[in-house]
Amino acid sequence: MIIKNIEAKIRLATVIAIGSLVTSLVIVGMNCLYAYKLVSNAHKNIYLLDNNVPILARQTDMQMNRPAEYRAHIDLFHSLFFSLTPDDNYMEYQMKKAMYLVDESGMQQYNNLKENGFFNSILSSSSVLTLQTDSIVLDMPRKYFRYYGKLKIDRRSSTVIRSLVTEGNLKDIPRSDNNPHGALITNWKTLENKDLQDVEKNTF
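In numbering that gives the first Met the number 0, the protein residues as written are 0 to 203.
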């Protein structure tokens, strides 16, 4: 009888010890998880100085703003690439800035346009090119976009309106002064660039 009581007490002590260990592990795990969340939330807090007084500001989740940043990046690139004036230095400046936003596919299109005399024609006809964005369609899971715009070519003798449709993909890269959105356009190509309207100017 005494032996049975001793065995029962040993089993009870073992159960209590195991239960205490499991409970301790659960409590430690919950504390670790809570501490991790606190640290993560702390990393999202930034402070702004207003007359040397720190003001707490909440950092926005990057992925929440990414579609808007992608659209701004695409719009900026197309504006740099297609909004041009008959000035060699200005066109070179625009292209240099645009090339920071696109991979080698952008340089290929630039070289093709240069070989076809596109930029020389701007100079010879004193054309001013202005691009207006109509819409930008984004497929976020595929990081694919399609750009729709209208290109106005204002020449001495006429004004031409062209529809411009391009497509490409997007790749995340580190942000820099030359690429503030931290995105790179890849596999860029023009799907459509056709005249919609050609209005002759009155030369009198």
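Every residue gets a Cβ at the ideal spot worked out from N, C-alpha and C, and that includes glycine.
- In this chain, the alpha helix (DSSP H) harbouring residue 109 covers 103–114.
- Ranking 180, 164, 200 by CA distance to the CA of residue 194 puts 164 first.
- Beta-bridge partners of residue 199 (DSSP): 157.
- Distance from residue 134 to residue 149 at the Cβ level is roughly 11 Å; contact not present, criterion being Cβ atoms closer than 8 Å.
- Where residue 135 is concerned, the enclosing beta strand (DSSP E) starts and stops at 127–138.
- The straight-line gap separating the alpha-carbon atoms of residue 158 and residue 36 is approximately 60 Å.
- Here residue 7 is exposed. Its C-beta has fewer than 16 other C-beta atoms within 10 Å.
- A straight line joining the alpha-carbon of residue 104 with that of residue 25 spans about 54 Å.
- Counting other Cβ atoms within 10 Å of its Cβ, residue 121 reaches 16 or more and is therefore classed as buried.
- In chain order, 160 place their CB closer than 6 Å to the CB of residue 196, counting only its own chain and leaving out the 5 sequence neighbours on each side.
- Annotated as distal: residue 189 and residue 102, with beta-carbon spacing of 8 Å or more.
- Apart from the 5 residues on each side of it in sequence, residue 65 sits with its Cβ closer than 8 Å to the Cβ of 139 in its chain, given in chain order.
- Going by beta carbons, residue 143 and residue 168 fall inside the 8 Å limit.
- One alpha carbon belongs to residue 86, the other to residue 34, and they sit about 59 Å apart.
- Rounded to the nearest angstrom, the gap between the Cα atoms of residue 81 and residue 128 is 7 Å.
- In this structure, 152 is the residue among 111, 123, 116, 152 with its C-alpha nearest to the C-alpha of residue 131.
- In chain order, 130 place their CB closer than 7 Å to the CB of residue 78, counting only its own chain and leaving out the 5 sequence neighbours on each side.
- Linking residue 199 to residue 76 through their CA atoms gives a straight-line distance of about 30 Å.
- Residue pairing for residue 167: DSSP places it in a beta bridge opposite 144.
- No residue range can be given for residue 99, since it is assigned to no alpha helix (DSSP H) and is classified by DSSP as neither H nor E.
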